[in-house]
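Participant:
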Amino acid sequence: MSNASSQSIQHRLALWCWREVKSGQLWIIALALTLIFASVFALTALSSRLEQVIIKQGKDALTADLVYESSNPISDDVLTLFNSEEDITTARLTRFATMAFSDTQMQLISVNAVSDSYPLQGNLSLSSGQGVSSFVKPGELWLDERLFALLDVKEGQTLAIGDTELVVSGRIVEFPGLSFNPFQQMPAALIHAQGVEETGAIQPGSRVRYKVFLDGPQPELERLQQQIELTPSDRWRTVDSGSRTNDVFANTEQFLSLTVVVVILMAATTLVLTCQHYVSTRQQLVSMLKSMGATKQWLRRWLGIQLVMLASIAIVVGCGLGMLLEYGLRFSLADLLPAPLPSYGIKPFVTAFLTCTLIAVPAMGIPLLRLMDTKASQVIAQSNQESKHYRWLLLLVPIVPFVSVYAGNKLVWLILFGLLGLIVLLGVVSVVLVSLAQNLSVKPAYKLALSRINRNKWATGLQFGCLAFSVMLLAILWLVRTDLLSDWQRTLPADAPNAFALNIAEYEKETYLGTLDQAQIDRSEAFPIIRGRLSQVNEVDAKELQKEGAETDAVRRELNFTWAESLPDYNEVLSGEWTDKNGVSVEQQVADALSIDIGDELTFVINSQTFKATVNSIRHVEWRDMKPNFYFIFTPDVLTSIPSTYLVSFRLGDQDDDLFTQLSRNHPTVSLMDIRVMGEKIQSLVGQIVWAITLLAGLAGVAGLLLIYTLLNLSLVERQSEMKLYRTLGASGKRLRNTLWIEYGVMALVASVVATVGAESVVAGVMMFGFTLPSQIHIWVWFALPILTLVTLAIVVQGGMRRILVPMRKA
Numbered sequence: 001m002s003n004a005s006s007q008s009i010q011h012r013l014a015l016w017c018w019r020e021v022k023s024g025q026l027w028i029i030a031l032a033l034t035l036i037f038a039s040v041f042a043l044t045a046l047s048s049r050l051e052q053v054i055i056k057q058g059k060d061a062l063t064a065d066l067v068y069e070s071s072n073p074i075s076d077d078v079l080t081l082f083n084s085e086e087d088i089t090t091a092r093l094t095r096f097a098t099m100a101f102s103d104t105q106m107q108l109i110s111v112n113a114v115s116d117s118y119p120l121q122g123n124l125s126l127s128s129g130q131g132v133s134s135f136v137k138p139g140e141l142w143l144d145e146r147l148f149a150l151l152d153v154k155e156g157q158t159l160a161i162g163d164t165e166l167v168v169s170g171r172i173v174e175f176p177g178l179s180f181n182p183f184q185q186m187p188a189a190l191i192h193a194q195g196v197e198e199t200g201a202i203q204p205g206s207r208v209r210y211k212v213f214l215d216g217p218q219p220e221l222e223r224l225q226q227q228i229e230l231t232p233s234d235r236w237r238t239v240d241s242g243s244r245t246n247d248v249f250a251n252t253e254q255f256l257s258l259t260v261v262v263v264i265l266m267a268a269t270t271l272v273l274t275c276q277h278y279v280s281t282r283q284q285l286v287s288m289l290k291s292m293g294a295t296k297q298w299l300r301r302w303l304g305i306q307l308v309m310l311a312s313i314a315i316v317v318g319c320g321l322g323m324l325l326e327y328g329l330r331f332s333l334a335d336l337l338p339a340p341l342p343s344y345g346i347k348p349f350v351t352a353f354l355t356c357t358l359i360a361v362p363a364m365g366i367p368l369l370r371l372m373d374t375k376a377s378q379v380i381a382q383s384n385q386e387s388k389h390y391r392w393l394l395l396l397v398p399i400v401p402f403v404s405v406y407a408g409n410k411l412v413w414l415i416l417f418g419l420l421g422l423i424v425l426l427g428v429v430s431v432v433l434v435s436l437a438q439n440l441s442v443k444p445a446y447k448l449a450l451s452r453i454n455r456n457k458w459a460t461g462l463q464f465g466c467l468a469f470s471v472m473l474l475a476i477l478w479l480v481r482t483d484l485l486s487d488w489q490r491t492l493p494a495d496a497p498n499a500f501a502l503n504i505a506e507y508e509k510e511t512y513l514g515t516l517d518q519a520q521i522d523r524s525e526a527f528p529i530i531r532g533r534l535s536q537v538n539e540v541d542a543k544e545l546q547k548e549g550a551e552t553d554a555v556r557r558e559l560n561f562t563w564a565e566s567l568p569d570y571n572e573v574l575s576g577e578w579t580d581k582n583g584v585s586v587e588q589q590v591a592d593a594l595s596i597d598i599g600d601e602l603t604f605v606i607n608s609q610t611f612k613a614t615v616n617s618i619r620h621v622e623w624r625d626m627k628p629n630f631y632f633i634f635t636p637d638v639l640t641s642i643p644s645t646y647l648v649s650f651r652l653g654d655q656d657d658d659l660f661t662q663l664s665r666n667h668p669t670v671s672l673m674d675i676r677v678m679g680e681k682i683q684s685l686v687g688q689i690v691w692a693i694t695l696l697a698g699l700a701g702v703a704g705l706l707l708i709y710t711l712l713n714l715s716l717v718e719r720q721s722e723m724k725l726y727r728t729l730g731a732s733g734k735r736l737r738n739t740l741w742i743e744y745g746v747m748a749l750v751a752s753v754v755a756t757v758g759a760e761s762v763v764a765g766v767m768m769f770g771f772t773l774p775s776q777i778h779i780w781v782w783f784a785l786p787i788l789t790l791v792t793l794a795i796v797v798q799g800g801m802r803r804i805l806v807p808m809r810k811a
């Protein structure tokens with residue numbers, strides 16, 4: 001055979017293969033592969049950057065890789081050990097409260113005395129007439145912007161800090177870290193560590209925090225942690241120590257991973273169904289080709305060219321869509337991502353390609369091998385193919401790497417096992433419901449539709465199961481998204497207090513509260529505050545009772561105690577009942593960490609005095625509400641003999657700046673904390689993350705609608721020959737149309753209701769075990785999901801009817 005003739009044959013074969021791809025059978029395969037490629041590409045490209053965000057946020061809040069902090073001066077032995085490590089860089093900070101005096105005003109401030117190298121990480125920006133600086137030098141004094149108005153002082157003027165006088169160097173523009181603790185928002189001043197002794201502000205009994213920041217290789221830092229024995233006043237802080245910003249980012253990453261898994265599941269199901277249908281429609285063709293002499297090698301080349309075309313479309317379009325999606329996700333998180341952004345390199349492409357390959361090998365390989373095994377005799381008469389079990393070994397191709405990658409991800413396994421069980425349950429329940437409906441006395445069109453649905457229980461169950469499965473996956477993703485957003489928005493509610501006043505003395509309480517009420521400021525009640533420690537539980541040292549890994553430091557430090565006639569209405573009582581005398585209510589996490597139960601006797605040390613109280617209730621406290629909350633609340637008789645100050649929270653508007661300044665000047669000994677800037681940061685952070693997960697959830701929506709379309713479309717194709725038979729027997733087009741609408745309306749309604757029940761069940765498990773958040777019932781989804789399914793069905797069935805019924809009229 002000549003080269004020209006061979007090229008002509010190859011060209012005709014390629015054109016035939018291209019017509020096969022365009023025929024309407026295989027474009028869905030290309031679209032499913034494209035969605036898998038794009039979603040995996042985008043998430044892989046973004047995940048490394050999100051991981052950097054989580055680590056960066058944590059380390060910026062710490063301003064280091066590791067922090068050692070104590071309420072006592074850090075011993076020389078510990079400092080020597082830190083400084084002896086060549087690969088570790090250190091910085092120090094001493095924080096204490098003291099009074100600052102200008103010529104006309106005075107104010108309680110938080111003084112941060114830092115060493116030359118502070119901060120090791122994060123941004124410290126200091127502005128003065130001489131320019132911008134990022135380090136504090138000996139003799140300098142930098143003030144929070146608020147202090148310039150509160151102390152009526154300007155740059156270059158002298159300010160008395162304790163026993164020393166310092167010239168104001170400039171203002172603090174940015175301080176490293178993002179704290180959710182309003183009690184750390186006191187107006188701040190920065191001085192050099194060498195000036196601490198000169199202030200004379202640290203005296204016996206002073207509340208001081210000493211911190212050493214450490215940067216270095218992780219193994220060296222871990223070795224240091226093991227070498228130092230902590231006292232009750234000491235603690236280590238790392239990026240894993242528990243941060244609400246980290247919680248938000250970690251849940252975001254978890255949700256993005258869940259979204260990609262759901263997209264892959266839906267696209268892979270679409271792939272399997274489409275390939276199975278393609279094989280069933282091409283068996284006669286392959287049988288005929290074999291009877292005309294086509295060899296297996298020729299058939300492999302024929303199918304191989306089609307697969308190459310499909311793969312090329314999926315890779316090119318998927319890569320472009322993946323880059324676009326990654327850009328959209330990156331754009332929505334622009335303020336959070338590190339700058340400059342590192343290149344994501346070739347890893348996203350390789351990961352997406354391997355994922356598509358691993359999924360496509362069994363999804364397309366098993367049915368195509370069955371197609372290759374079609375006998376030439378089938379062109380004359382249908383015959384059962386011999387089942388070759390070796391084909392099913394292709395399932396190991398994705399299963400083995402999947403197990404190795406997700407072996408420790410409980411959320412993924414929870415979803416998979418839940419879905420495998422539910423898909424069977426969904427199909428069975430749907431078939432039972434339709435079978436029961438068939439016994440009702442209904443019109444002939446309904447009976448015909450129901451009898452056709454119930455004709456093959458196995459096929460009907462599979463069809464219902466897959467349809468309910470696809471609808472349920474969509475519902476799961478959006479319900480999880482809704483619950484996460486609801487939880488994140490509680491991080492700082494829109495009506496949360498944004499100012500706190502502490503250290504209000506008894507004699508000025510009425511005046512202070514009166515000023516707020518006169519200005520019609522929304523405020524909390526005034527809570528009496530005194531600091532103390534929990535020392536014993538049932539006469540056993542509390543430190544010995546704390547469970548390993550418990551998320552509380554209530555035993556290691558002094559706490560704010562309060563007492564009241566009743567518990568705050570925003571605290572939920574989980575067990576027990578508030579009493580009038582000798583009682584204490586305990587926060588849930590502390591109770592769990594120390595195994596505290598109702599009726600236990602707790603011993604507290606306050607101002608070197610010992611007090612005892614009996615646990616009368618255990619409360620759930622939502623710390624993110626930013627309202628005054630406490631680990632322990634006593635009945636009044638326990639602590640009323642101890643002098644106290646008061647705490648009140650309130651909400652300021654932009655128009656209340658003058659009131660804020662007035663309160664600071666009229667009550668200089670009251671610590672007034674404005675956390676509006678912090679609130680804006682948090683709300684901005686949550687808003688950007690909401691956009692990112694909504695964008696990716698939209699991609700999952702496309703995959704879900706594609707799967708629903710495929711299911712309904714394939715079902716309509718299967719009905720085509722049956723419709724022709726009914727038409728031949730005299731059924732009118734109107735009756736056939738009504739029958740189809742009824743049949744698919746019943747399918748959509750039953751599948752969506754069953755899917756809603758399944759989605760609520762799975763989401764409850766996902767939220768409790770995957771995200772450790774409470775579950776809830778979503779009333780709106782019981783109405784929205786059936787409506788969405790019926791609308792989608794109407795669009796698909798309307799288009800399908802044109803293909804089925806119009807050719808009949810022409811005939």
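According to full-length UniProt numbering, the sequence shown holds residues 1 to 811 in order.
Cβ coordinates follow ideal geometry from the N, Cα and C atoms, glycine included.
(1) Specify, as a first and last residue, the run of the alpha helix (DSSP H) that E587 falls within.
(2) From this set, L473, H277, L150 and V111, which residue's C-alpha is nearest V763's C-alpha?
(3) Could you have a look at Q662 and say whether DSSP puts it in helix, strand or coil?
(4) Is R651 near N498, with beta carbons less than 8 Å apart?
(5) Note down, in chain order, each residue of its chain lying with its Cβ closer than 6 Å to the Cβ of A113, except the 5 sequence neighbours on either side.
(6) Between which two residues does the alpha helix (DSSP H) holding A83 run?
(7) Rounded to the nearest angstrom, how far is the Cβ of D144 from that of P176, given a contact under 8 Å?
(8) In the DSSP assignment, the alpha helix (DSSP H) including V167 goes from what residue to what residue?
(9) Which class does Q609 belong to by DSSP, given the choice of helix, strand or coil?
(10) Alpha helix (DSSP H) containing F630: first to last residue?
(11) Give the DSSP bridge partners of A97, in chain order.
(12) Can you tell which of K211, V132, L151 and I29 has the C-alpha that lies nearest to the C-alpha of N72?
(13) Quick check: T274 and T792, are their CB atoms within less than 8 Å of each other?
(14) Would you kindly check if the distance between the Cβ of S128 and the Cβ of G170 is under 8 Å?
(15) Taking the alpha-carbon positions, what's the I264 to L35 distance?
(16) Between Q798 and the rest of its own chain, which residues show a CB-CB distance below 8 Å, the 5 nearest in sequence each way excluded?
(17) Is it true that the CB of Q107 sits closer than 8 Å to the CB of A97?
(18) Excluding the five sequence neighbours on either side, which residues of its own chain have a C-beta within less than 6 Å of the C-beta of L124, listed in chain order?
(19) Could you please give me the residues that DSSP links to L143 through a beta bridge?
(20) If contacts are defined as beta-carbon pairs under 8 Å, then N560 and R531 qualify, I think. What distance do you get, rounded to the angstrom?
(21) Rounding to the nearest angstrom, what Cα-Cα distance links E155 and S649 in this structure?
(22) Quick one: residues in its chain with C-beta nearer than 8 Å to the C-beta of residue 841, no 5 flanking neighbours on either side, listed in chain order?
(23) Mind checking which residues open and close the beta strand (DSSP E) that includes R523?
(24) Okay, do the region 619-628 and the region 592-600 touch, 3+ Cβ pairs below 8 Å being the bar?
(25) Answer with buried or exposed for H620, where buried requires no fewer than 16 other C-beta atoms within 10 angstroms of its C-beta.
(26) Does the Cβ of P528 have 16 or more other Cβ atoms within 10 Å, making it buried, or fewer, making it exposed?
(27) Would the beta-carbon of L659 fall within 8 Å of that of A519?
(28) What's the C-alpha gap between E506 and S641?
(29) What would DSSP say about N498, mapped onto helix, strand or coil?
(30) Going by C-alpha to C-alpha distance, which of E539, D657, F630 and K581 sits closest to D600?
(31) Quick check on the DSSP output: the beta strand (DSSP E) that includes A160 runs from which residue to which?
(32) Buried or exposed for R146, please, with buried defined as at least 16 other CB atoms from any protein chain shown within 10 angstroms of its CB.
Facilitator: According to the data block:
(1) It is not in any alpha helix (DSSP H) - E587 instead sits in the beta strand (DSSP E) that spans G583 to E587.
(2) L473
(3) helix
(4) yes
(5) T94, I191, A193 and V196
(6) Note that residue 83 corresponds to Asn in the displayed sequence, not to Ala. Start and end: D76 to N83.
(7) No, D144 and P176 are not in contact; Cβ-Cβ is about 14 Å, not under 8 Å.
(8) Where V167 is concerned, there is no enclosing alpha helix (DSSP H), although the beta strand (DSSP E) it sits in stretches over T164 to E174.
(9) strand
(10) Where F630 is concerned, there is no enclosing alpha helix (DSSP H), given that its DSSP letter is neither H nor E.
(11) S110
(12) K211
(13) no
(14) yes
(15) 8 Å
(16) none
(17) no
(18) S134 and P176
(19) R171 and A189
(20) 6 Å
(21) 31 Å
(22) No information on residue 841 is available, as it lies outside the stretch 1 to 811 that the chain covers here.
(23) Counting along the chain, R523 falls outside any beta strand (DSSP E), and DSSP gives it neither H nor E.
(24) no
(25) exposed
(26) buried
(27) yes
(28) 13 Å
(29) coil
(30) E539
(31) T158 to I161
(32) buried
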